[in-house]
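Residue numbers (our numbering), protein chains in the order written: chain A, 1 to 519; chain B, 520 to 1038.
See below:
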């Protein structure tokens, strides 16, 4: 058996059955083998960042890894930003990077580059299969590593892929993720029961429904303030789930939320730091004099840790959940970020997966959707924009029965816009709202903070931030990739468009024209 | 003076006056400073791969570096593929990567990643400015390094950018590029004069007009076979320039061209290796028993080395140049890759810059354009597709008086398609022909070589290679980014469309529907 077949056989026997791919010559034996491996679903993307972002969305929703097939160092480079986001999300992904044949690497051929160095920057596990005999074992190990919440990268030289001597390896056992540390758990329980001001900050699978319920019980039982991390990989929301706020993105907001805390209990979350540094503002957001208790590390068994805390601190209680669907009324009139959020809140369907890369245009969304039917919310964990359209693509493949709503900023959409083509090809039920405000609005805010004034210099600086002229026409862009689309200028337009999107099978895009947050 | 101002002041005083940018929060002080630095032209791109590819096209045509401004590790990752191509082209580029503040790096904030590792894979020079006092000196050193034909990467932490204590550094002297090695030059001259079969393989600036003329004189004076490297960064062509063939991409073709050679003389070119490895085919393309003479290394002073050889071996002679414009007739009827090439040959304007990423659809272009008016031809040096539209953008900015024709494959176009938006915003005179054959045709060829047969497995494998359904509509895509566009199904359509493109200011796109090379 050649290495390529052992790769695919081991992946499928280990439960990996979707492969997002943008292959080239050095991966051609894998492509050929995919042809005869019906258990593996191949999904073509037109750009590697779509493949890696789709694998991120898939992994967050499926809870198990997809494979990604990339072409040498440049293909990996194109996929790097969304692997970065996946790393920050703790998403399981098996990345397979085709490489030149082992006997070809010494020639420094045009496509040769340092794959290891680049892959190392995002991978929690990284190995090169140097011979066909290694491929089965290495692939099984990659799946195990990925299932621990990591990007696992397997570099596969072309001759290892095409040569005989390989064999399918059985699925390897997946070690349990890290549990709560008993000592830390007791210390945290003591802190939470102390009557002193406490903040319980949760992340990872603590933001799934069970984790939220346990966290809510702990908070209500102890009086602790409960917050989710700023950018959860996946958060359960809506009717039947406790409503939990997130730690603010802005330094001042987060400081306000954490002010006065004497204990910060971390379950599946990292200790809070500011997203960016600013002159004169702190990076470490833990208040002075506040003790930090890390109970479960990021990507550990956070929901289980919270269940233990709830058993200790609030035995026999029930979580306080959003009791029933309570939506905003459908608004009318000119479209704004606020009215667009109300339309989303009014129409978000039961069981929706929301992929949120709306940035400043999305500020009103959490409130507007809090009373929507039960849904899951995916956020931009690593700050590398261009994750939304691909992640929505992957989420739709992971959950074919569920509607996916991708709430996307215009600037961010353009990094990986060809995800729309894959949505059309695969017939995925993804409804995309692109908020078109013709600017990187968040950077207008940042530029104002830097003290740039109106005038010629300000206009020159703004030319690196504003997206018009010419304005992007997302209806044309979507149509060019086979996705039906329309523009909405009013709240009524948007509601009607979302109605048509829901009535049609396959993807649909609505360009929602909204004013920017900062004029 | 803050670091950001010293960066820009030093760049402009060192002759760098264009900055392709896709900035974020950590680069905001540089953006603000760009506002008040009229000597620096800021050019916004919607994706980092467009910025780096534009800098590649700019550098190849201007002969001096542009700056690129990128946002942290993920921004660098998005730009990596085209930096890879630039590295292979020996293009001077100064890459500035904004990084978290020095005091913020320890927090491992969401956007933190190993910038050094990723940058190292493409950079011939790499440094982080750790304090404002270093910025001027580091920037001047980066420009010097870039001028040696390298990607020079300067990592600029946000606090170094926003803090006082920096100063503009004067331009630093640029060391001469490596010249011919006198011993190697004599040995090569002896070999060329020996009467034994010789191949003279040239690259780098030997492919500019003077180098080609000298190479032609050497070849004619000695009977050596003259070839240019397979993928020159920039090659002079057309009337008034010697017509020189390129070493073939396919192993069999290159072997045929080199067969029987006893001496291979390399001037500005690397010793030939196959682009990819294939089972049973050689990687090193130097024939058995052939001596290799490296006279000038890649990115050295190749044209000057050839002038010395010409003086030694063919004194007083003149090069045999294409004597006058001699174009193919305008064809009629259905569009094919061949008839499209004839249309290009019939209409290519005087002084054009051709950016060639047509891949299989472009096989007929070299012949069809050999008798066109004088023009320059840029090729995909590093094999990382997605260079064409960005490189055309940068070439147009480097040479505002010259028409740029971008000959682009449909698959390759989609990696960096938002370059069209930058062309529209900047009003650049770029005419793009997208050859739409709805497949990665070169991979059809490779897949056939791997032995994939028609049938269900073949169809599954082909689903990772074919770009339809849905078919990409480049007229819609271009229109969505402000570039006027039309479709051509016949040779007459294409000629008429190119006429309209020439008559209009600013960019224009023609989707040329052609059958794929492999059905």
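A virtual CB, placed ideally from N, CA and C, is assigned to each residue, including glycine.
None of the values given here were measured: they were computed from a predicted structure.
Contacts that residue 803(B) makes with chain A (C-beta to C-beta distance below 7 Å): Position 284 of the second chain, counted from the first residue, corresponds to residue 803(B). Per Cβ cutoff of 7 Å: 107.
Residue-chain proximity (residue 818(B), chain A), Cβ-Cβ < 7 Å: Residue mapping note: residue 818(B) aligns to position 299 of the second chain, counting from 1. No, residue 818(B) does not count as interfacial toward chain A.
Local conformation of residue 546(B) per DSSP, three classes: Taking the second chain and counting its residues from 1, the one referred to as residue 546(B) is at position 27. The answer is helix: DSSP assigns residue 546(B) an H, G or I state.
Residue 96(A) and residue 126(A) closer than 7 Å at C-beta: Walking along the first chain from the start, residue 96(A) turns up at place 96. Walking along the first chain from the start, residue 126(A) turns up at place 126. Cβ distance not < 7 Å, so residue 96(A) and residue 126(A) don't count as in contact.
6 Å CB neighbourhood of residue 884(B) in its chain, flanking five on each side removed: Position 365 of the second chain, counted from the first residue, corresponds to residue 884(B). Excluding sequence neighbours, residue 884(B) sits near 860.
Residues near residue 849(B) in its chain [Cβ-Cβ closer than 6 Å; skip 5 each side]: As a working note, residue 849(B) is residue 330 in the second chain. For residue 849(B), where only same-chain residues beyond five positions count, the Cβ hits under 6 Å are 865, 1014.
Minimum C-alpha distance to residue 57(A) - residue among 472(A), 400(A), 485(A), 74(A): Here the question's residue 57(A) lines up with position 57 in the first chain. When each option's Cα is compared against that of residue 57(A), the closest is 400(A).
Helix, strand or coil at residue 263(A) according to DSSP, with G and I counted as helix: If you number the first chain from 1, residue 263(A) lands on position 263. Residue 263(A): strand per DSSP, three-state reduction.
When 570(B), 687(B), 554(B) are compared against residue 528(B), the one with the closest alpha-carbon: Position 9 of the second chain, counting from 1, holds the residue named residue 528(B). Residue 687(B) is the option with its Cα nearest to residue 528(B).
Beta-carbon proximity list for residue 437(A), same chain, < 7 Å, skipping 5 on both sides: Here residue 437(A) corresponds to residue number 437 of the first chain, with the count starting at 1. 361, 410, 514, 515, 516, listed in sequence order.
When 979(B), 831(B), 751(B) are compared against residue 728(B), the one with the closest alpha-carbon: Taking the second chain and counting its residues from 1, the one referred to as residue 728(B) is at position 209. The shortest C-alpha separation from residue 728(B) is found at 751(B).
Residue interval of the beta strand (DSSP E) (run including residue 376(A)): Working through the first chain from its first residue, we reach residue 376(A) at position 376. Counting along the chain, the beta strand (DSSP E) containing residue 376(A) begins and ends at 375 to 378.
Residue of 1012(B), 709(B), 613(B) minimising C-alpha distance to residue 855(B): For the purposes of this step, residue 855(B) is taken as residue 336 along the second chain, with counting starting at 1. It is 1012(B).
Neighbour list for residue 956(B) in chain A, Cβ cutoff strictly below 7 Å: Mapped onto the second chain, residue 956(B) falls at position 437. Going along chain A, no residue has its Cβ under 7 Å from residue 956(B), so there is no contact; the nearest lies around 14 Å.
7 Å Cβ cutoff, residue 47(A) in contact with chain B: Counting from 1 along the first chain, the entry for residue 47(A) is found at position 47. Yes - at least one Cβ of chain B is within 7 Å of the one on residue 47(A).
Validate contact between the region 495 to 510 of chain A and the region 1022 to 1032 of chain B using beta carbons, cut 8 Å, 3 pairs: no
Member of 733(B), 623(B), 765(B) whose CA lies at the smallest distance from the CA of residue 278(A): Translated into the one-based positions of the first chain, residue 278(A) becomes position 278. Nearest C-alpha to residue 278(A): 623(B).
CB contact check: residue 178(A) to chain B, cutoff 7 Å: If you number the first chain from 1, residue 178(A) lands on position 178. Not one chain B Cβ lies under 7 Å of residue 178(A).
Buried or exposed by the 16-neighbour rule on C-beta atoms within 10 Å, applied to residue 876(B): In the second chain, residue 876(B) corresponds to position 357, counting from 1. Buried: at least 16 other Cβ atoms inside 10 Å.
Residue 577(B) - partner residues in DSSP beta bridges: In the second chain, counting from the first residue as 1, residue 577(B) sits at position 58. Paired residue(s): none; residue 577(B) is not in a bridge.
Spatial distance of residue 165(A) from residue 469(A) (CA atoms): For this step, residue 165(A) is matched to residue 165 along the first chain. For this step, residue 469(A) is matched to residue 469 along the first chain. Residue 165(A) and residue 469(A): Cα-Cα distance of roughly 58 Å.
Span of the alpha helix (DSSP H) around residue 253(A): Locating residue 253(A) in the first chain gives position 253, counting from the first residue. First-last of the alpha helix (DSSP H) with residue 253(A): 251 to 258.
Rounded C-alpha distance that separates residue 921(B) from residue 977(B): Within the second chain, numbered from 1, the residue matching residue 921(B) stands at position 402. Within the second chain, numbered from 1, the residue matching residue 977(B) stands at position 458. Taking the straight line joining both Cα atoms gives about 46 Å.
Nearest-angstrom beta carbon gap, residue 908(B) and residue 939(B) [assumed within contact, 8 Å]: Numbered from 1 along the second chain, position 420 holds the residue referred to as residue 939(B). Numbered from 1 along the second chain, position 389 holds the residue referred to as residue 908(B). At roughly 6 Å, the Cβ-Cβ gap stays under 8 Å, so residue 939(B) and residue 908(B) are in contact.
Boundaries (first-last residue) of the alpha helix (DSSP H) holding residue 74(A): Residue numbering aside, residue 74(A) sits at position 74 when the first chain is read from its first letter. 72 to 89 is the extent of the alpha helix (DSSP H) around residue 74(A).
Distance CB(residue 464(A))-CB(residue 540(B)) smaller than 7 Å: Here residue 464(A) corresponds to residue number 464 of the first chain, with the count starting at 1. Here residue 540(B) corresponds to residue number 21 of the second chain, with the count starting at 1. Yes, the Cβ-Cβ distance between residue 464(A) and residue 540(B) is below 7 Å.
The region 702 to 718 of chain B contacting the region 549 to 567 of chain B, beta-carbon criterion three pairs below 8 Å: no
Beta-carbon gap between residue 934(B) and residue 901(B) smaller than 7 Å: Against the second chain, residue 934(B) aligns to sequence position 415. Against the second chain, residue 901(B) aligns to sequence position 382. Contact: no.
Nearest neighbour of residue 882(B), chosen from 665(B), 961(B), 763(B) [CA to CA]: Stepping through the second chain from its first residue, residue 882(B) is reached at position 363. Closest by alpha carbon: 961(B).
Proximity winner among 781(B), 762(B), 766(B), relative to residue 793(B) (alpha-carbon distances): For this step, residue 793(B) is matched to residue 274 along the second chain. For residue 793(B), the nearest C-alpha among the options comes from 766(B).
Test: residue 927(B) CB closer than 7 Å to a CB of chain A: Position 408 of the second chain, counted from the first residue, corresponds to residue 927(B). Residue 927(B) does not count as touching chain A.
7 Å Cβ cut-off: residues of chain B touching residue 463(A): The sequence position of residue 463(A) within the first chain is 463, counting from 1. In chain order: 561, 563.
Residues near residue 433(A) by beta carbon distance below 6 Å, same chain, minus five either side: Taking the first residue of the first chain as 1, we reach residue 433(A) at position 433. Cβ neighbours of residue 433(A) beyond the five flanking positions: 407, 510, 512.
Chain B residues whose Cβ lies nearer than 8 Å to that of residue 381(A): Counting from one through the first chain, the residue named residue 381(A) turns up at place 381. Within 8 Å Cβ-Cβ: 629.
Positions along the region 907 to 937 of chain B whose CB lies within less than 8 Å of some CB in chain A: 930, 933, 934, 936, 937
CB-CB length for residue 375(A) against residue 354(A), believed under 8 Å: Numbered from its first residue, the first chain carries residue 375(A) at position 375. Numbered from its first residue, the first chain carries residue 354(A) at position 354. 6 Å between Cβ atoms; contact.
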